[in-house]
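Structure, as structure tokens:
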Amino acid sequence: TRFCNKTNGVTPRRWLALANPPLAAVLDDCIGQTWRTDLSQLSEIKANVDYPSFLQAVQRAKRQNKERLALYIAKTLNVVVNPDALFDVQIKRIHEYKRQLLNVLHVITLYNRLLADPDIERVPRVVIFAGKAASAYYAAKQIIRLINDVAKVINNDPRVHTQLKVVFIPNYGVSLAQIIIPAA
1019 TRFCNKTNGV TPRRWLALAN PPLAAVLDDC IGQTWRTDLS QLSEIKANVD YPSFLQAVQR
1079 AKRQNKERLA LYIAKTLNVV VNPDALFDVQ IKRIHEYKRQ LLNVLHVITL YNRLLADPDI
1139 ERVPRVVIFA GKAASAYYAA KQIIRLINDV AKVINNDPRV HTQLKVVFIP NYGVSLAQII
1199 IPAA
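Just so you know, we're using our numbering here: the sequence shown kicks off at 1019 and counts up by one.
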């Protein structure tokens, strides 16, 4: 697989080496450090994808990243999330065409399903939104307000506290992306 730069650019050294040290360490152990300067070396990973020890190392790296994000959420938003839950993440500029509204309506549907049938077995889920709205974009600001209002209801409902959490992380930027993306 090749990384192709798009609108905002993708720099694997930033998103692997800097933002995701646990995964970078797994890659270093697996294929050496040459991938850091020669990205074509990442193809060497293919030889290891069937080894349980490699897969366990990748899972541990993901878990560390999820724990780091869970700690950030607890410290900044005072919401405790389960790092073993599925992290359902949508991070981008808040805009009607980017479908955050559709996503929060889906969250409401999930919540209503949990209330209607609390005994059904589901994978615990943490829905994470982050992004910024243009200062004059009223509809986008209302979407953020709706996300926060839905989060307040869901996160304070003891009937679903182990199954569903919702957070909107404010002040989204590259530094915050480096915490969220490796956990996603």
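Ideal Cβ positions, reconstructed from N, Cα and C, are used throughout, including at glycine.
Secondary structure of residue i, DSSP reduced to three states
i: ILE1138; result: coil
i: VAL1098; result: coil
i: VAL1067; result: coil
i: VAL1184; result: strand
i: TYR1190; result: coil
Candidates the options, of which the one nearest residue i by Cα
i: PRO1040; options: ASP1175, ASP1056 and GLU1085; result: GLU1085
i: LEU1133; options: ILE1063, ASP1056 and PRO1176; result: PRO1176
i: CYS1048; options: THR1055, LEU1060 and ALA1154; result: LEU1060
i: VAL1097; options: VAL1171, ALA1075, SER1071 and SER1193; result: VAL1171
i: TYR1115; options: SER1071, TYR1155, GLN1196 and ILE1126; result: TYR1155
i: ASP1046; options: PRO1070, VAL1076 and THR1029; result: VAL1076
i: VAL1178; options: LEU1164, ILE1138 and ALA1201; result: ILE1138
i: LEU1164; options: PRO1030, THR1029 and VAL1122; result: VAL1122
Residues that residue i bridges to, as DSSP identifies them
i: GLN1108; result: PHE1147
Beta-carbon separation (whole angstroms), residue i vs residue j, contact threshold 8 angstroms
i: LYS1150; j: TYR1190; result: 6 angstroms
i: ILE1187; j: GLN1118; result: Not quite, the Cβ-Cβ distance comes to about 13 angstroms (not below 8 angstroms), so this is no contact.
i: ALA1158; j: ILE1112; result: 4 angstroms
i: PRO1142; j: ASP1102; result: 7 angstroms
i: ALA1035; j: ARG1054; result: 6 angstroms
i: VAL1144; j: ASN1100; result: 7 angstroms
i: ASN1066; j: PRO1200; result: The Cβ separation is near 20 angstroms, so there is no contact.
Distance between residue j and residue i (C-alpha atoms, nearest Å)
i: HIS1124; j: ASP1068; result: 35 angstroms
i: ASN1166; j: VAL1185; result: 7 angstroms
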